[in-house]
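Below is one structure, written out as structure tokens; the observations come after it.
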Amino acid sequence: MAIAQLFKRLFAVKPAAALVVHGVITETGRHTPRTRLGPNQASEQAYVALSVEQAATTDGQVIDGATIVPAEFSGSMELLEAFAVGKRVKITCSTLTGREIETIDEL
17 MAIAQLFKRL
27 FAVKPAAALV
37 VHGVITETGR
47 HTPRTRLGPN
57 QASEQAYVAL
67 SVEQAATTDG
77 QVIDGATIVP
87 AEFSGSMELL
97 EAFAVGKRVK
107 ITCSTLTGRE
117 IETIDEL
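Residue numbering for the sequence shown follows our numbering, starting at 17 and increasing by one per position.
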């Protein structure tokens with residue numbers, strides 16, 4: 017059993033790092049993402065534009081916020097009711113390079 021635990025620790029797949037940004041919401045709205053899945057349009061999503069104050073990865077690497085261009089993130093339509101322009105937020109994206117909101121918290 018100890019050997020099995022050792023193998024799990026040695027060969028366990030680590031979750032990929034994701035982007036975490038802190039900033040102030042400068043704009044919100046609705047958009048329909050482009051899709052390559054044929055003639056059907058993707059469902060409408062909310063977008064949140066930020067003035068980035070700081071950025072990092074979930075594994076702790078600091079990122080220059082000026083390199084996040086455009087600083088716009090997409091998520092569910094419920095975000096439009098919960099978050100308004102001027103609010104300070106922390107957004108965790110689903111991936112390091114993606115802009116899909118996994119979690120968003122007011123600071």
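All C-beta atoms, glycine included, are put in the ideal place defined by N, C-alpha and C. None of the values given here were measured: they were computed from a predicted structure.
Inter-residue Cα distance where the pair is residue i and residue j
i    : j    : result
T108 : M93  : 17 Å
N124 : K106 : Because the chain here runs from 17 to 123, residue 124 falls outside it and cannot be looked at.
D75  : D121 : 19 Å
F99  : Q77  : 27 Å
R115 : S90  : 6 Å
A33  : A72  : 10 Å
L123 : T51  : 33 Å
S59  : T113 : 22 Å
S110 : R104 : 20 Å
Same chain, Cβ closer than 6 Å to residue i, five either side skipped, listed in chain order
i   : result
E69 : H38, G39
E88 : Y63, A65
Other residues of its chain near residue i: CB distance less than 7 Å, five sequence neighbours each side excluded
i   : result
T42 : A65, L66, S67, V101
G45 : Y63
DSSP-derived helix/strand/coil call for residue i
i   : result
G39 : strand
A71 : strand
A82 : helix
Nonlocal neighbours in the same chain, by C-beta distance under 8 Å from residue i, ignoring five residues either side
i   : result
Q61 : R46, H47, T48, P49, S90, G91, S92, M93
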